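> Could you have a look at this structure, given as structure tokens, before my questions?
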Amino acid sequence: MRKFLDTKHGAVIAAVICNLLWGSAYPGIKIGYELFGITDSVSEKLLFAGLRFILAGIMVLAAAAVSGRRIPVMNKNNAGRIVITGLVYTALQYVFFYIGLSNTTGTNGSIVNSSTTFMALAAGYFFCGEKVGVKKLIGALIGFAGVITVFVSDGISSVSFTGEGFILIAAACFVAGSMLSKRAAADTDAMTVTGYNLLIGGAVLAAAGFIGGGMLGNVSMGGIAVLVYLAFLSAAAFTLWTMLLKSHDVGSISVYNFIIPVSGTILSAVFMREDIFSVKYLISLVLVCLGIVLVNHGSEKTRS
Numbered sequence: 001m002r003k004f005l006d007t008k009h010g011a012v013i014a015a016v017i018c019n020l021l022w023g024s025a026y027p028g029i030k031i032g033y034e035l036f037g038i039t040d041s042v043s044e045k046l047l048f049a050g051l052r053f054i055l056a057g058i059m060v061l062a063a064a065a066v067s068g069r070r071i072p073v074m075n076k077n078n079a080g081r082i083v084i085t086g087l088v089y090t091a092l093q094y095v096f097f098y099i100g101l102s103n104t105t106g107t108n109g110s111i112v113n114s115s116t117t118f119m120a121l122a123a124g125y126f127f128c129g130e131k132v133g134v135k136k137l138i139g140a141l142i143g144f145a146g147v148i149t150v151f152v153s154d155g156i157s158s159v160s161f162t163g164e165g166f167i168l169i170a171a172a173c174f175v176a177g178s179m180l181s182k183r184a185a186a187d188t189d190a191m192t193v194t195g196y197n198l199l200i201g202g203a204v205l206a207a208a209g210f211i212g213g214g215m216l217g218n219v220s221m222g223g224i225a226v227l228v229y230l231a232f233l234s235a236a237a238f239t240l241w242t243m244l245l246k247s248h249d250v251g252s253i254s255v256y257n258f259i260i261p262v263s264g265t266i267l268s269a270v271f272m273r274e275d276i277f278s279v280k281y282l283i284s285l286v287l288v289c290l291g292i293v294l295v296n297h298g299s300e301k302t303r304s
């Protein structure tokens, strides 16, 4: 598996799978809210998120225990980095993500969240020494134009800080978390980093939700099935992503995040009956995808 992910084709396949899974989270979360009777209460959303990631962390650690025949544990050398990763990558990111998604549509959320690609490009330049050529700059500008189209097509008054704004903050946390995860996994097994990252972040989210008075009003087989799926996609996607980060630059693999707005938009339309045939969504998707293609085509080696 490690050798496969180290290859270009292996990295592409794994990155595509990760982003397809993350794209499916948009309608999945909306459906989960409905099935569990979750209202606009922030506490209920945090509790739901926490349970999802606790379950995801248990899945990863259980899989690691089965494959390695023992339960992976943190040690004094990596515990600090893993805890910080969990707080930023899972807890902080999803505080903003869950609240933001509840205040916008799945379609808007998936397109706005595509800004992770361009944030990763900037982070790669400033913190990892990656070159940013003309094609990358043009691609980034075109991609952000696509994101901005969602904001301004209906007028500036339609912008919600607690909706689209929070999802942008969540995107920044994702990029920061990716870099923290890359460093934590440098000398630690990827499944150990991912499992405890999800478990710690999930525990923080669940505790915050519970202390705030959050409760899941309706518990049904359908709701549990959705929760298990959301946990599985997190376990699978974050584990694969962490493995990719061990041998690939954050900026280079993040260009495949364009799959999130595409799959998120399509799946939201199918499962949530949202309208994707508005001109602003079509223009946004075209610009975002064109921008990322240019960024990918303009990839260059690390600057000296």
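Mapping to the UniProt record's numbering: the sequence shown position 242 is 242, numbers consecutive.
Even for Gly, the Cβ is constructed at its ideal location relative to N, Cα and C.
Everything numeric in this text was worked out from a predicted model, so none of it was measured.
#1: I'd like to know if the stretch 40-52 and the stretch 203-215 are in contact, where contact means that at least 3 CB-CB pairs between them fall below 8 Å.
#2: Closest by CA to Ser181, which one among Asn113, Ser284, Phe4 and Val83?
#3: Among residues of its own chain, excluding the 5 on either side of Ala65, which ones have a beta-carbon nearer than 6 Å to its beta-carbon?
#4: Does the Cβ of Asp249 have 16 or more other Cβ atoms within 10 Å, making it buried, or fewer, making it exposed?
#5: For the 8 Å Cβ check, are there 3 or more pairs between the stretch 23-30 and the stretch 245-262?
#6: With 16 other CB atoms within 10 Å as the buried threshold, where does Val175 fall?
#7: What separation, rounded to the nearest whole angstrom, lies between the Cα atoms of Leu233 and Ala63?
#8: Suppose the cutoff is 6 Å on Cβ atoms and the five residues either side in sequence are ignored; what does the same chain contact list for Phe36 look like?
#9: Take the Cβ of Ala225 as the centre, count every other Cβ of all protein chains shown within 10 Å, and call the residue buried at 16 or more, exposed below.
#10: Given Thr194, which residues of its chain have a CB within under 6 Å of its CB, disregarding the five upstream and five downstream residues?
#11: Leaving out the 5 sequence neighbours to the left and right, which residues in its chain are closer than 7 Å to Thr116 when beta-carbon positions are compared?
#12: Quick one: what does DSSP say Leu216 is sitting in, helix, strand or coil?
#13: Is it buried or exposed, Gly163, if we count other Cβ atoms within 10 angstroms and call 16 or more buried?
#14: Note down, in chain order, each residue of its chain lying with its Cβ closer than 8 Å to the Cβ of His9, except the 5 sequence neighbours on either side.
#15: Can you look up Gly143 in the DSSP assignment and give me helix, strand or coil?
#16: What's the call for Lys30, buried or exposed, on a 16-neighbour Cβ count within 10 Å?
#17: Using alpha carbons as the reference points, say which of Val286, Ser114, Cys289 and Ile167 lies closest to Thr104.
#18: Would you kindly report the start and end of the unbroken alpha helix (DSSP H) that includes Pro261?
#19: Is the distance from the Cβ of Ala235 to the Cβ of Gly50 below 8 Å?
#20: My parser needs the alpha helix (DSSP H) runs of 4 or more residues fully inside the stretch 64-134; what are they?
#21: Candidates Gly28, Val95 and Asn78: which alpha carbon is nearest Asp187's?
Let me spell this out:
#1: Contact between the stretch 40-52 and the stretch 203-215 is established, with three or more Cβ pairs separated by less than 8 Å.
#2: Closest in alpha carbon position to Ser181, among Asn113, Ser284, Phe4 and Val83, is Val83.
#3: Taking Ala65 as the centre and dropping the five residues before and after it, the same chain places the C-beta of Ile71 closer than 6 Å to its C-beta, in chain order.
#4: With a 10 Å radius around the Cβ and a threshold of 16 neighbouring Cβ atoms, Asp249 comes out buried.
#5: Under the three-pair Cβ rule at 8 Å, the stretch 23-30 counts as touching the stretch 245-262.
#6: Under this definition Val175 is a buried residue.
#7: If you take the alpha carbons of Leu233 and Ala63, they lie about 14 Å apart.
#8: Around Phe36: Leu216, Asn218 and Gly223.
#9: The residue in question, Ala225, is exposed, as its Cβ has fewer than 16 Cβ neighbours within 10 Å.
#10: Hits under 6 Å: Val60, Phe238, Thr239 and Thr242.
#11: Sequence-distant Cβ neighbours of Thr116 in its own chain, meaning closer than 7 Å and more than five residues away, are Ala171, Phe174, Val175, Ser254 and Asn257.
#12: Reduced to three states, the DSSP call for Leu216 is coil.
#13: Flag for Gly163 reads buried.
#14: So no residue of the chain qualifies.
#15: Look at Gly143 here: in three-state DSSP terms it is helix.
#16: Counting Cβ neighbours within 10 Å, Lys30 comes out buried, since at least 16 surround it.
#17: Of the listed residues, the one whose Cα sits closest to Thr104 is Ile167.
#18: For Pro261, the enclosing alpha helix (DSSP H) has its first and last residue at Ile259 to Met272.
#19: Gly50 is positioned such that its CB atom lies no closer than 8 Å to that of Ala235.
#20: Secondary structure remark: continuous alpha helix (DSSP H) runs of at least 4 residues inside the stretch 64-134, in chain order: 79-85, 93-102, 106-112 and 116-128.
#21: Proximity to Asp187 across Gly28, Val95 and Asn78 peaks at Asn78, based on C-alpha coordinates.
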